[in-house]
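The opening residue of the sequence shown carries number 345 in the numbering used here; numbering runs sequentially from there.
The C-beta atom is built at its ideal place from N, Cα and C for all residues, glycine as well.
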Amino acid sequence: MMAAIACAEPYLSLHTTLRQSLADRLGPGIGIACTGVEGDPRRLYPEEFAAVSRAVPRRQREFAAGREAARQAMAQIGWAPVAIPSAPDRSPVWPKGLAGSITHSAGACVAVVCPQSLWQAVGIDLEEDQPMEPALWDTICTPEEAAFVNTQPAVLRGRWVTWLFSAKEAFYKWQYPQTRHTLEFQDVRVLLPHMGFPTNFRIVQARTGTTPGIRGECLARNGHLLTWVIGNV
Ligand SMILES: CC(C)(COP(=O)(O)OP(=O)(O)OC[C@H]1O[C@@H](n2cnc3c(N)ncnc32)[C@H](O)[C@@H]1OP(=O)(O)O)[C@@H](O)C(=O)NCCC(=O)NCCS
């Protein structure tokens, strides 16, 4: 029992820290829940459970944690609990008038929701703040981003790629409900900062090249990197 408490404690503090930091940055009117990843699949609505009925138990618990977090976040902004099924492409089907996003890491799950009268869409991504494996750098970075990463101190390069990865994942989740576009990492370009790890950034779809760039934000807390994009197309 003691061991379980000792293991859970860093995550409890992570959940509180992430929730508070996000709330400070996003402001009022937005529901935010940060929880663990051990949800209870028995609490899923039948139409939700259908998405994970054949998944391994760990994935079922992770999926259930996301739905529970989403309903906690909805309650904060006065929305009654309803089913949030998964579309065949795995994207969550939010109730009409609500935008939302779910992300999980090994120890935390984050859900953010807001009425679409405030913002049309939100995309959020949580990663462990660890260097990205070098074999993946060229997949994730455009040539311009890779050139930038190579100007950084060697010990930081892998973390820069993790940051670019997270920014692109958050952007993908933000744009998908609005456009239904599937994108590759090379389709998306992060406008790079002049110095240091940024707290906000601009990101464009390189395929069209003409978008002015939606603003994203990020924060690094307790060994995790949380990145989000919120706004209208
Ligand atoms: C959707 C995707 C970005 C999720 O990222 P991930 O690192 O696997 O996992 P996360 O925990 O951060 O997010 C998973 C959640 O994203 C949500 N999600 C899945 N597909 C989505 C989509 N198309 N649009 C918005 N949200 C989506 C789901 O809620 C999912 O959790 P759930 O299945 O438990 O409900 C990723 O799985 C994917 O499909 N990538 C392909 C596209 C891509 O990455 N292109 C390069 C970036 S531009």
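Original post:
Alpha carbon to alpha carbon, what distance is there between Ser-461 and Ile-446?
Top reply: In the sequence shown, residue 446 corresponds to position 102, counting from 1. In the sequence shown, residue 461 corresponds to position 117, counting from 1. Going from the Cα of Ile-446 to the Cα of Ser-461 covers about 20 angstroms.
**OP:** Have a look at Ala-479 and Ile-376 and give me their C-alpha separation to the nearest angstrom.
**Re:** Translated into the one-based positions of the sequence shown, residue 479 becomes position 135. Translated into the one-based positions of the sequence shown, residue 376 becomes position 32. Cα to Cα, Ala-479 sits roughly 34 angstroms from Ile-376.
Original post:
Under 8 angstroms between the Cβ atoms of Gly-451 and Gly-380?
Top reply: For the purposes of this step, residue 451 is taken as the residue at position 107 of the sequence shown. For the purposes of this step, residue 380 is taken as the residue at position 36 of the sequence shown. The criterion of a C-beta distance shorter than 8 angstroms is satisfied by Gly-451 and Gly-380.
**OP:** Determine the DSSP secondary structure at Gln-530, reduced to helix, strand or coil.
**Re:** The residue given as residue 530 occupies position 186 in the sequence shown. It is helical.
Original post:
Looking at C-alpha atoms only, which residue of Val-396, Ile-547, Glu-382 is the closest neighbour of Thr-486?
Top reply: On the sequence shown, residue 486 is found 142 positions in, with the first residue counted as 1. Ile-547 is the residue among Val-396, Ile-547, Glu-382 whose C-alpha sits nearest the C-alpha of Thr-486.
Subject >> Beta-carbon contacts of Arg-403 that lie in its chain and below 7 angstroms, excluding the five residues immediately before and after >> reply: By 1-based counting over the sequence shown, the position of residue 403 is 59. Excluding sequence neighbours, Arg-403 sits near Val-396.
Subject >> Buried or exposed (CB count within 10 angstroms, at least 16 for buried), Gly-567 >> reply: Taking the first residue of the sequence shown as position 1, residue 567 is located at position 223. Residue environment analysis places Gly-567 among the exposed positions, since fewer than 16 neighbouring C-beta atoms fall within 10 angstroms of its C-beta.
**OP:** Specify, as a first and last residue, the run of the beta strand (DSSP E) that Met-459 falls within.
**Re:** Here residue 459 refers to the residue found at position 115 of the sequence shown. The sequence shown places Pro at residue 459, rather than the Met named in the question. Note, Pro-459: beta strand (DSSP E), 453-459.
Subject >> Phe-393, DSSP secondary structure in three states >> reply: Here residue 393 corresponds to residue number 49 of the sequence shown, with the count starting at 1. Secondary structure at Phe-393: helix, using DSSP grouped into helix, strand and coil.
Original post:
In terms of alpha-carbon separation, which member of Ile-421, Ala-414, Arg-405 lies closest to Pro-372?
Top reply: Position 28 of the sequence shown, counted from the first residue, corresponds to residue 372. Out of Ile-421, Ala-414, Arg-405, the CA that lies nearest to the CA of Pro-372 is found in Ile-421.
Subject >> Beta-carbon separation (whole angstroms), Lys-517 vs Gly-441, contact threshold 8 angstroms >> reply: Looking up residue 517 in the sequence shown gives position 173. Looking up residue 441 in the sequence shown gives position 97. Under the criterion of beta carbons closer than 8 angstroms, Lys-517 and Gly-441 do not qualify as touching, at roughly 19 angstroms.
**OP:** Within the stretch 457-501, note down every full alpha helix (DSSP H) run reaching 4 residues or more, in order along the chain.
**Re:** Taking 4 residues as the shortest admissible run, the stretch 457-501 contains the following complete alpha helix (DSSP H) segments, listed from N- to C-terminal end: 481-484, 487-493.
**OP:** Answer yes or no: the CB of Arg-434 versus the heavy atoms of ligand 1, is any distance below 7 angstroms?
**Re:** Along the sequence shown, one-based indexing puts residue 434 at 90. Yes.
Original post:
Is there at least one non-hydrogen atom of ligand 1 closer than 7 angstroms to the beta-carbon of Ser-397?
Top reply: The residue given as residue 397 occupies position 53 in the sequence shown. No, since every heavy atom of ligand 1 falls outside the 7 angstroms radius drawn around the Cβ of Ser-397.
**OP:** Compute every distance between the C-beta of Ile-374 and the non-hydrogen atoms of ligand 1, then say whether any falls below 7 angstroms.
**Re:** For the purposes of this step, residue 374 is taken as residue 30 along the sequence shown, with counting starting at 1. The answer is no for Ile-374.
Subject >> Own chain, CB closer than 6 angstroms to Arg-405, minus 5 neighbours either side, in chain order >> reply: Position 61 of the sequence shown, counting from 1, holds the residue named residue 405. For Arg-405, where only same-chain residues beyond five positions count, the Cβ hits under 6 angstroms are Glu-382, Gly-383.
Original post:
Among residues of its own chain, excluding the 5 on either side of Pro-521, which ones have a beta-carbon nearer than 6 angstroms to its beta-carbon?
Top reply: One-based indexing of the sequence shown puts residue 521 at position 177. Residues of the same chain with a CB within less than 6 angstroms of the CB of Pro-521, apart from the 5 flanking positions on each side, are Ala-465 in chain order.
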